[in-house]
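Chemist:
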Amino acid sequence: MTRLDGDGAIGTGAEAPLTAPGSAPVPAPAMAVATVNGEPYDLSSGLTVSGLVAAWCPSPRGVAVAIDSEVVPRSTWDTTLIEPGATIEIVTAAAGG
Amino acid sequence: MTDTATSDPLVIAGTVVGSRLIMGTGGMTSPESLTGALTASGTALATVAVRRVDPTTRHSLVDLLDGLGIRILPNTAGCYTATDAVLTARLAREAFATDWVKLEVIGDDRTLLPDPIELVLAAEQLVDDGFVVLPYCGDDPVVARRLEQVGCAAVMPLGSPIGSGLGIRNPHNIELIVEQAGVPVVLDAGIGTASDACLAMELGCSAVLVATAVTRAGDPSLMAAAMRDGVAAGRAARLAGRITRRFVAEASSSFEGMVGQ
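Line by line, the protein sequences are chains A and B. The first sequence begins at 1112 in the numbering used here and counts up one residue at a time. The second sequence begins at 10 in the numbering used here and counts up one residue at a time.
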């Protein structure tokens, strides 16, 4: 993520807040990101597989999910959290075969 | 044409499928066109690919097939390795609640010919994992035998490359595969028109799988109906027992009672 510093330069990462001389700067928290279907996806706190599917699909019917190349059983969708850095694939049927 | 889906049904892995024409959905130009073609084909089983969800898509292929009462056969189309094919099959099982999978592991992106080594590896893993595996393979009788030995529920040799419409390039090999097989043989890939499907059945195949020849035909619904008739004609001809081929003539009219003898 890039941000403009006070002097107009492009900076990266967290801004340095005002602190007393001699104390270490506290970095701002980074946005949690996972990869969903090949693209970066910003994670909201406590996002489950069910929540992700609801955001991506009109219906959970005919849909499957893999996290880091492991299929997530439908019965665990409500309780499986999406972790930052995870690689997620959400798939369904397409014309082919 | 007599409908033999009930009197002479296709059976795979102990399950009565019915129609001996299996349809592929690849090449579909619109849901309406696909619906028309599938209905005209009389099929009971249709393949789908497994792909990333497109959030902008309105229609559901699953709903379309369910609405027509057609069983879904997921396909590992696009996979080049056993690892990818196994993951895709597992995703499909979860998505569509079926243990059946058409196993496709490609070795070359120009010809789309199967990689027999990765294919047999994937088939073994999937059979062990409880899948009913229908492998798309080359027309090599040795590979076909290997696939049956590792537990596949059918073998599906190609007639010619996917989408090529070149028909059955090596009918002799297809006959060899049929002769040795203890599981159904489904001619899958390369069918271009109804006579190709008819020939496959005459060679002793239990069924054919057709996609491009129908979905990309000038009139998909009409071609689907033609395929249905071609499969039925070929099957009946096979069951009827054809005459043997002769190098020279055999008179069909007796010489007895001829004038002037």
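Beta carbons: idealized from backbone N, C-alpha and C, even for Gly. Remember, it's a predicted structure, so these values are computed and weren't measured experimentally.
Between the C-alpha atoms of B:T44 and B:A235, what's the straight-line distance to the nearest angstrom?
Modeler: In a straight line, the C-alpha of B:T44 is about 16 angstroms away from that of B:A235.
Chemist: Secondary structure at B:R251, three-state DSSP: helix, strand or coil?
Modeler: It is coil, neither helix nor strand.
Chemist: Between B:V95 and the rest of its own chain, which residues show a CB-CB distance below 8 angstroms, the 5 nearest in sequence each way excluded?
Modeler: A131, Q134, L135, D138
Chemist: Beta-carbon within less than 6 angstroms of A:G1117's beta-carbon, same chain only, minus the 5 sequence neighbours each way: which residues are those?
Modeler: Legend: pLDDT at A:G1117 = 39, less than 50; position of this residue unreliable, value from coordinates given subsequently. Around A:G1117: no qualifying Cβ.
Chemist: Are the C-beta of B:M37 and some C-beta of chain A separated by less than 7 angstroms?
Modeler: Interface residue, yes.
Chemist: Within 7 angstroms (strictly less), CB to CB, does A:P1128 reach chain B?
Modeler: Caution applies to A:P1128, whose pLDDT of 49 falls short of 50 and renders its modelled position unreliable; the value that the coordinates give is listed next. With 7 angstroms as the cut-off, A:P1128 does not count as an interface residue toward chain B.
Chemist: Might you give, ordered along the chain, the residues of its own chain that have their beta carbon closer than 6 angstroms to the beta carbon of B:I21, omitting 5 neighbours on each side?
Modeler: A162, A163, P193
Chemist: Check A:P1184 in the structure and name its three-state DSSP category.
Modeler: coil
Chemist: Does the CB of B:E127 have a neighbour CB from chain A at under 7 angstroms?
Modeler: no
Chemist: Run through DSSP, which three-state label would B:G160 get?
Modeler: Note: B:G160 maps to coil in three-state DSSP.
Chemist: Taking Cβ positions only, does A:W1188 come closer than 7 angstroms to chain B?
Modeler: no
Chemist: Hey, would you say B:A233 sits closer than 7 angstroms to B:A49, going by beta carbons?
Modeler: yes
Chemist: Any idea if B:L19 is buried or exposed, counting beta-carbon neighbours within 10 angstroms, 16 or more meaning buried?
Modeler: buried
Chemist: In chain B, which residues lie less than 9 angstroms from A:I1193 when you measure between Cβ atoms?
Modeler: By Cβ distance, chain B contributes nothing, its closest Cβ being about 15 angstroms from A:I1193, past 9 angstroms.
Chemist: Would you check if the distance between the CB atom of B:V195 and the CB atom of B:M165 is smaller than 7 angstroms?
Modeler: A contact, by the Cβ cut-off of 7 angstroms.
Chemist: For a contact meaning CB atoms closer than 8 angstroms, what does B:G33 contact in chain C?
Modeler: As a matter of chain content, chain C is missing from the structure shown, whose protein chains are A and B.
Chemist: What residues match up with A:A1204 in a beta bridge as DSSP calls it?
Modeler: DSSP lists B:V59 as partners of A:A1204.
Chemist: Is there a Cβ from chain B that is less than 7 angstroms from the Cβ of A:G1122?
Modeler: For A:G1122, the predicted model reports a pLDDT of 41, less than 50, meaning its position is unreliable and no value from the coordinates is stated.
Chemist: In whole angstroms, give me the CA-to-CA distance for B:N84 and A:D1153.
Modeler: 31 angstroms
Chemist: Taking only beta-carbon atoms, is A:I1199 less than 7 angstroms away from chain B?
Modeler: no
Chemist: Are any of the Cβ atoms in chain B nearer than 7 angstroms to that of A:G1162?
Modeler: no
Chemist: Assign A:N1148 to one of three DSSP states: helix, strand, or coil.
Modeler: Coil at A:N1148, not helix or strand.
Chemist: Which residue wins for smallest C-alpha separation from B:S16, given the options B:G191, B:R60, B:R244?
Modeler: B:R244
Chemist: Taking only the alpha-carbon atoms, compute the straight-line gap between A:V1202 and B:D72 and give it to the nearest angstrom.
Modeler: Each residue's CA atom was taken as its position, placing A:V1202 and B:D72 some 15 angstroms apart.
Chemist: Pop quiz: B:V62 and A:W1188 are said to be a contact at Cβ under 8 angstroms. What is the actual Cβ separation, rounded to whole angstroms?
Modeler: Rounded, the Cβ-Cβ distance is 14 angstroms, inconsistent with contact.
Chemist: According to DSSP, is B:R244 part of a helix, a strand, or is it coil?
Modeler: In this structure, B:R244 counts as helix in the three-state DSSP scheme.
Chemist: For A:I1178, name the three-state secondary structure that DSSP assigns.
Modeler: strand
Chemist: Which same chain residues, not among the five before or five after B:G147, have their C-beta less than 8 angstroms away from its C-beta?
Modeler: Excluding residues within five positions, the ones whose Cβ falls inside 8 angstroms are L122, P123, P125, P166, L167.
Chemist: Between the beta-carbon of B:G271 and the beta-carbon of B:A206, is there less than 7 angstroms?
Modeler: The displayed coordinates of chain B run from 10 to 270. Any statement about residue 271 of chain B would go beyond what the structure contains.
Chemist: Compare the Cα-Cα distances from B:R155 to each of B:P180, B:A14, B:N179, B:E127 and report the closest residue.
Modeler: B:E127
Chemist: Is it true that the CB of B:A55 sits closer than 7 angstroms to the CB of B:I79?
Modeler: yes
Chemist: Which residue or residues does DSSP assign as beta-bridge partners of B:P166?
Modeler: B:C146
Chemist: Which residues of chain B have a Cβ atom closer than 8 angstroms to the Cβ of A:Y1155, listed in chain order?
Modeler: Sequence check: residue 1155 of chain A is Ser here, not Tyr. Correct list: empty, because the minimum Cβ distance to chain B is about 17 angstroms.
Chemist: In terms of residues, what are the limits of the alpha helix (DSSP H) holding B:D72?
Modeler: 70-76
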